[in-house]
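Taking it in order: structure first as structure tokens, then the write-up.
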Amino acid sequence: MNEPTDRVLMTGNEALAEAAIRAGLEAYFGYPITPQNELTGYLAAHLPPLGRVFVQSESELAAINMVFGASATGARTMTTSSSPGISLMQEGLSYLAGAELPAVVANIMRGGPGLGNIQPSQADYFQATRGGGHGDYRLIVLAPATVQETADLTMTAFDLADRYRMTVMILSDGVLGQMMEPVRFREYHRPELPPKDWAVTGAQGRPQNIVRTLWLAEGMLEQRNQLLQAKYRRVEANEVRVEAGQIEDADYVIVAYGLMARAARAAVHRLRAGGVKAGWIRPISLWPFPSEIIGRVAQQPRVFLTVEMSCGQMVQDVRLAVGGQCPVLFYGRAGGGIPTVDEIVGQVEKLALPAGGPR
Amino acid sequence: MTMQKVFARPPTLKLNPTHYCPGCGHGIVHRLVAEAIDDLGIRERTIGIAPVGCAVLAYDYLDVDMVEVAHGRAPAVATGIKRVRPDRIVFCYQGDGDLASIGAAEILHATHRGEPLTVIFVNNAVYGMTGGQMAPTSVLQQVTATSPQGRRADREGYPMQVAELLAVLPGAGYVERVGVHSPAAVRTAKKAVVHAFERQVKCEPGLSLIEVLSPCPTYWRMTPAQALRWLQQTMCPVFPLGRLKG
Amino acid sequence: MAGEIQIDRERCKGCGLCIQVCPRQSISLSQQANRMGYLFAEPCGSGCTGCALCALMCPDVAIEVYRDGGSVVAGPDDSSGRLEVRAGG
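In structure tokens, the structure reads:
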């Protein structure tokens with residue numbers, strides 16, 4: 001079951017599910033919502049024969065709370081949904097963070113706000129990286145750009161969740177989730193991880209364990225928050241994931257993640273062929289955000305163009321990272337619209353000045 | 360002749376003095392839960408789930424592994440726990456806001472799925488923790504912080520009879536309503552609580568729910584003694600005691 | 606039958622339920638307050654039979670009950686609080 005495979009053709013959603021199973025997913029709880037129903041279907045078919053848990057919950061609200069319960073016992077557990085369902089989970093995500101419970105959550109993003117549509121979107125970036133639920137907490141947010149990367153990052157997600165006792169959110173979208181690409185599953189090896197001696201399993205031979213988020217005594221909650229913040233600093237120091245190409249001499253740097261990163265790379269390829277010095281930066285971890293590389297690249301005069309399937313969310317983090325050193329522009333489509341390679345190339349060509357680069 | 364001790368605190372009930380008001384029913388129900396756990400010898404296998412409500416600090420009083428969860432979500436969290444650890448004894452302890460209002464979907468579906476859980480539902484017809492607001496189980500004409508003119512059926516609806524609602528579901532294995540308004544009632548309640556835990560120990564199918572009518576002297580604006588009388592005279596006709604299923 | 610109760614005066618919140626259910630009027634409310642400011646209940650007189658109805662009702666588990674011999678059947682573990690009382694004595 002954990003044998004590495006040859007290339008198989010799978011949708012992003014199915015690859016996510018298969019990767020989760022290989023990473024030792026013990027319990028899945030989820031509710032149907034387009035465009036991630038392949039996930040619930042795949043796991044409903046594959047988990048019970050392995051003796052693992054699958055429950056279709058009554059709502060996303062219930063699903064994230066079932067995840068809370070399973071995680072509290074020390075099990076590897078996951079839920080998946082799409083934008084409106086993730087909104088319902090925000091309370092649960094806050095509680096998971098407060099209780100320091102590991103979990104993996106996947107958001108296969110769709111157009112919003114409200115019921116929106118079932119086309120892809122990247123408009124949940126704020127929701128994912130700014131918390132979404134109440135209180136000072138963070139999620140580790142990973143953004144794959146291919147079906148292969150979806151599988152690989154899913155396996156990594158479970159390890160990160162256990163290592164840091166956090167929720168790791170995989171941010172995919174309706175196209176990435178439903179497109180089919182070849183994927184090879186590596187053999188999963190569980191790394192050395194801290195023991196879950198905090199789990200509730202029945203207080204046999206030890207004092208009771210309490211999984212809690214309420215701290216009423218004077219100063220306690222502030223202490224807890226400081227603990228969490230110290231952890232988040234460790235994550236920021238160790239878990240930034242980013243990829244970049246042709247940035248050294250680039251006059252125009254396109255910053256994009258997920259599906260848009262594919263378009264950005266293709267655009268850079270075309271621009272270079274046309275004599276424009278373009279490069280790309282692809283954040284893979286959206287939190288922690290790869291501010292350092294962007295800040296460094298911004299030390300030379302360039303123009304940054306952020307491309308998203310939204311009205312402009314990640315662009316704010318790019319602006320923060322650039323720190324005013326260079327102009328940061330934005331191009332996006334909303335409500336299910338997908339920026340094309342042509343459109344992105346057009347945006348850069350509009351900016352491209354005659355030889356000599358930007359002022 | 361030497362005196363023999365015939366009544367003492369059960370070991371699973373911690374020594375901490377409780378924050379509950381004088382005459383609050385939670386103290387009695389906590390003791391019954393602790394006694395049941397000790398009678399059945401399941402302390403080291405038990406995982407409890409505390410609600411949001413006056414009993415939010417139940418883990419300070421019950422010496423078992425416990426999880427504190429969001430308002431109303433206990434049956435969903437319990438499902439997550441029991442499904443991955445079916446050999447553990449998992450119980451939810453919830454009040455009337457937690458279970459019958461915000462948590463209505465969760466208890467309905469946990470029962471509907473027949474999750475083999477033990478649910479102790481403490482019904483005191485009011486929201487205590489937040490200052491005495493109307494609960495789904497507040498009775499008609501009851502004056503509360505959010506029904507200052509008294510509850511009216513045409514405006515606030517009728518009091519919700521949770522035990523009856525859940526007993527009709529095939530997934531409900533055992534449903535009984537008890538009270539703690541007299542020593543005799545407490546004895547009956549104890550037997551019911553033990554049975555509700557025992558069914559899980561014996562892997563009997565379906566969800567076990569005990570609805571416990573419990574006094575809230577503070578927000579009923581009564582003395583503890585008056586509260587017990589009100590419970591008997593006003594709540595019992597609306598929420599009939601007895602075994603509804605199993 | 607003779608019985609005796611011990612009430613932990615610091616646990617007691619003076620709710621009075623024990624006084625209400627005692628069939629022998631052998632509990633009364635003290636005129637003294639404990640550290641929390643509650644007027645605590647205390648045994649009074651010599652009528653106590655150790656019936657434990659007070660302890661059954663006490664929400665704060667503040668009462669321990671003792672009984673002289675006689676027809677008492679207790680559970681396998683006395684300290685669990687399980688108690689069967691036969692009439693008489």
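Those protein sequences? They're chains A, B and C, same order as listed.
Just so it is clear: in the first sequence, position 191 is 191 by the numbering used here, and no numbers are missing.
Just add 359 to wherever you are in the second sequence, counting from 1, and you've got the numbering used here.
Just add 605 to wherever you are in the third sequence, counting from 1, and you've got the numbering used here.
From the three backbone atoms N, C-alpha and C, an ideal C-beta is built for every residue, glycine too.
Test item: CB-CB of residue i and residue j under 9 Å
i       : j       : result
A657(C) : V436(B) : no
C575(B) : G384(B) : yes
A278(A) : L286(A) : no
A321(A) : A352(A) : no
A106(A) : S172(A) : yes
Y486(B) : V388(B) : no
R212(A) : A99(A)  : yes
T79(A)  : A199(A) : no
Q630(C) : Y671(C) : no
T603(B) : V666(C) : According to the sequence provided, residue 603(B) is Leu. The question's Thr does not apply to it. No; because the gap between Cβ atoms is not below 9 Å, this pair is not in contact.
I344(A) : A237(A) : no
L305(A) : V253(A) : yes
L528(B) : T582(B) : no
Q36(A)  : D422(B) : no
F185(A) : V240(A) : no
D159(A) : P191(A) : yes
V255(A) : V318(A) : yes
G407(B) : V449(B) : yes
L644(C) : S635(C) : yes
T167(A) : L96(A)  : yes
G382(B) : A584(B) : yes
T397(A) : R138(A) : There is simply no residue 397(A) to check, as chain A begins at 1 and stops at 359 in what is shown.
T438(B) : G69(A)  : yes
R432(B) : N65(A)  : yes
7 Å Cβ shell around residue i - same chain, five flanking residues per side excluded
i       : result
A519(B) : One detail in the question is off: residue 519(B) reads as Met in this sequence, not Ala. Result list for M519(B): A459, P495 and T496, in chain order.
R262(A) : A145
L88(A)  : S59, E60 and L61
Cross-chain neighbours of residue i in chain B, by beta carbon under 8 Å
i       : result
A657(C) : V365 and F366
A660(C) : F366
Y95(A)  : V428 and A429
I210(A) : Y418, D424, M425, V426 and E427
Residues near residue i in its chain [Cβ-Cβ closer than 8 Å; skip 5 each side]
i       : result
D683(C) : Annotation note: pLDDT 42 at D683(C) (below 50); position unreliable, coordinate value reported separately. Taken in chain order, the list of residues that qualify is empty.
G490(B) : A504 and Y578
Y31(A)  : T40, Q56, S57, E58, S59, E60, A62, A63, S81 and G85
H554(B) : Y533, E535 and S567
D424(B) : T405, I406 and G407
A203(A) : N209
Per DSSP, cross-strand counterpart(s) of residue i
i       : result
F480(B) : Q453(B) and E570(B)
A106(A) : T80(A) and I170(A)
M10(A)  : E181(A)
W280(A) : G245(A) and I254(A)
V328(A) : F304(A)
Residue i: contacting residues in chain B (beta-carbon distance under 7 Å)
i       : result
G548(C) : The shown model of chain C, from 606 to 694, leaves out residue 548(C), and the question about it has no answer.
F68(A)  : V428, V436 and G439
R616(C) : P376
E26(A)  : V443
Residue i: contacting residues in chain F (beta-carbon distance under 7 Å)
i       : result
C620(C) : Note that chain F does not occur in the displayed structure, where the protein chains are A, B and C.
Contacts of residue i in chain C (Cβ-Cβ under 7 Å)
i       : result
M362(B) : E609, Y671, R672 and D673
P542(B) : V626, L658, L661 and M662
Own chain residues within Cβ distance below 6 Å of residue i, not counting five before or after
i       : result
Q119(A) : G111, G174 and G336
S685(C) : With a pLDDT of 43 at S685(C), under the threshold of 50, the modelled position of this residue cannot be trusted, and the question is left open.
P492(B) : Looking at the sequence shown, residue 492(B) is not Pro but Gln. Taken in chain order, the residues that qualify are Y486, T503, A504 and T505.
D419(B) : N375
Chain-ordered neighbours of residue i on chain C, where CB pairs are closer than 8 Å
i       : result
T405(B) : By Cβ distance, chain C contributes nothing, its closest Cβ being about 15 Å from T405(B), past 8 Å.
V545(B) : L661 and M662
G386(B) : C663, P664, D665 and V666
L372(B) : V666
Chain A contact residues for residue i, given Cβ-Cβ distances below 8 Å
i       : result
E394(B) : Within 8 Å Cβ-Cβ: nothing; E394(B) doesn't reach chain A, min ~18 Å.
A464(B) : E58, S59, L61 and A62
R402(B) : A203
Proximal residues of chain C, C-beta to C-beta of residue i below 9 Å
i       : result
R580(B) : Here the premise fails: no neighbours, minimum Cβ distance about 15 Å.
V423(B) : Residues of chain C passing the Cβ test: none, with the nearest at roughly 15 Å.
R511(B) : None at all; the shortest Cβ gap to chain C is about 32 Å.
Heavy atom of the ligand HEM within 8 Å of residue i beta-carbon
i       : result
L590(B) : Of ligands this structure carries none, so the ligand HEM is not represented either.
Under 9 Å from the C-beta of residue i: neighbouring residues of chain A
i       : result
R390(B) : The premise fails here: R390(B) is roughly 17 Å from chain A at the closest Cβ pair, so nothing lies under 9 Å.
Can you list the beta strand (DSSP E) stretches of 3 or more residues lying completely in the region 162 to 222 of chain A, in chain order? Whole beta strand (DSSP E) segments, 3+ residues: 167 to 173 and 180 to 183.
Report the start-end ranges of each beta strand (DSSP E) in the region 621 to 686 of chain C that is 3 residues or longer and not cut off at the edges. Runs of the beta strand (DSSP E) inside the region 621 to 686 of chain C: 632 to 638, 644 to 648, 668 to 673 and 677 to 679.
In the region 461 to 537 of chain B, which residue ranges form an unbroken beta strand (DSSP E) of at least 3 residues, counting only runs that do not cross its ends? For the region 461 to 537 of chain B, whole beta strand (DSSP E) runs of length 3 or above, ordered along the chain, are 477 to 482.
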